[in-house]
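Numbering (the working numbering), first residue to last: 763 to 1166.
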Ligand code: ADP
């Protein structure tokens, strides 16, 4: 089966064409600056040289037209006919409480996803545009939605209800939803495979550390808690997001600085976190370089690490122990410094890092603790696109089994 995986953002569409059964990526790429000047498509295949194209890409429909035409291009493409695409899998950021797994997209599903726009006003509308565009360009191809929030729907209410009047949960759906679910699910499964034990018997802490970062506690294969909340703002210190803080600070700053809700929102999401504290950059590579040279780079890194440690401690308590800790995403996969700092002074938890294995592990699966470490620490590159392709293939196979 050939599955086209689409991740439609506000001004971009990322895509991969995958044969899920073979775990093979035939082609992948990115359309950037949709609706802006200098819109561009970057495309690569497994056997041809990469290519970049510019064009007038006014909206998501035109972007997906470009994607289809390059996939079909005799020179750069990998398909002879559009009909070779068996299914389309879409990443959808917010599924609210309506979706606890991936689903075949039909008009009822679109209505439910539309209801979730309120929760993710920046993310769900472009996701829906991507779905509408793909549906109109590939009308006979089944489409599947895979939600960032779905994996965390197993959290118990004591983990997802905030200390607010309960009616606000009932009336407006105010609760912890959690994000990066596809990534947490994938690395937890891979971790169990790497130790050759059933996922159902393991307590795993998954640390997805990228520009946006979150940690999840995965007990017996289910997410029982995660650090992001109602929105992706809660939890760890992130590239430009605050993470945890006293909510009263928001009201205080709005008064002192005379900020509107929109301006405050921008400050919390775009000007805070590692960038806000360091005053240098949101990019972990720059923070690492300046760690010994600049006090505020050091402070940003120290806060980042301290929070990860606190969540590891909290989730170990929440699960009654931990067997595996996984590092993934841009920082988790690449930064041996972050992994070493996180695992230092954690022997009391049963973590003994092998510094050599840690240093040499970059962007590849590895166990980076010593043989006698009770808790295994791992690096596992995430692969959300593969999960989307696998879920899509499974749902479409079931669909073909059903009598018409
Ligand atoms: P996103 O949340 O945007 O998907 P990524 O998972 O791609 O983010 O992670 C981006 C982060 O990964 C950036 O902070 C970047 O600095 C960091 N990163 C990438 N490569 C390295 C590296 N070699 N060392 C440290 N950090 C890295």
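Every residue, glycine too, gets a C-beta built ideally from N, C-alpha and C.
CA-to-CA distance, residue j to residue i, given in whole angstroms
| i | j | result |
| --- | --- | --- |
| residue 1113 | residue 1045 | 28 Å |
| residue 822 | residue 803 | 12 Å |
| residue 1082 | residue 948 | 23 Å |
| residue 956 | residue 1020 | 53 Å |
| residue 764 | residue 1133 | 40 Å |
| residue 1047 | residue 1105 | 19 Å |
| residue 902 | residue 1161 | 13 Å |
| residue 946 | residue 831 | 33 Å |
| residue 922 | residue 1127 | 31 Å |
| residue 855 | residue 874 | 13 Å |
| residue 850 | residue 783 | 15 Å |
| residue 982 | residue 973 | 28 Å |
| residue 990 | residue 815 | 37 Å |
| residue 1064 | residue 1099 | 12 Å |
| residue 930 | residue 1122 | 49 Å |
| residue 789 | residue 780 | 7 Å |
| residue 1040 | residue 1006 | 17 Å |
| residue 1037 | residue 1002 | 5 Å |
| residue 1085 | residue 935 | 33 Å |
| residue 1014 | residue 980 | 36 Å |
| residue 939 | residue 836 | 44 Å |
Under the three-state DSSP convention, the category residue i falls into
| i | result |
| --- | --- |
| residue 780 | strand |
| residue 806 | strand |
| residue 1027 | helix |
| residue 1079 | helix |
| residue 786 | strand |
| residue 987 | strand |
| residue 853 | strand |
| residue 768 | strand |
| residue 979 | strand |
| residue 963 | helix |
| residue 1115 | strand |
| residue 791 | strand |
| residue 1089 | strand |
| residue 1137 | strand |
| residue 971 | strand |
| residue 815 | strand |
| residue 1154 | helix |
| residue 1128 | strand |
| residue 949 | helix |
| residue 840 | coil |
Closer than 8 Å: residue i CB and nearest the ligand ADP heavy atom
| i | result |
| --- | --- |
| residue 972 | yes |
| residue 1046 | yes |
| residue 767 | no |
| residue 1124 | yes |
| residue 1092 | yes |
| residue 997 | no |
| residue 1038 | no |
| residue 1001 | yes |
| residue 1097 | yes |
| residue 1100 | yes |
| residue 1050 | yes |
Classification of residue i by the beta-carbon crowding that lies within 10 angstroms, buried from 16 upward
| i | result |
| --- | --- |
| residue 880 | exposed |
| residue 905 | buried |
| residue 1145 | buried |
| residue 1011 | exposed |
| residue 799 | exposed |
| residue 1095 | buried |
| residue 778 | buried |
| residue 820 | exposed |
| residue 1079 | exposed |
| residue 996 | buried |
| residue 870 | exposed |
Ignoring anything shorter than 4 residues, give me the alpha helix (DSSP H) runs that lie fully in the segment 863-888, in order along the chain.
Runs of the alpha helix (DSSP H) lying entirely within the segment 863-888, each at least 4 residues long, are 869-877 in chain order.
Can you check the segment 893-936 for any beta strand (DSSP E) of at least 3 residues that lies completely inside it and give the ranges in chain order?
Correct list: 905-909.
Ordered list of beta strand (DSSP E) runs contained in the segment 991-1053, each at least 3 residues
As far as the segment 991-1053 is concerned, it has no whole beta strand (DSSP E) run of at least 3 residues.
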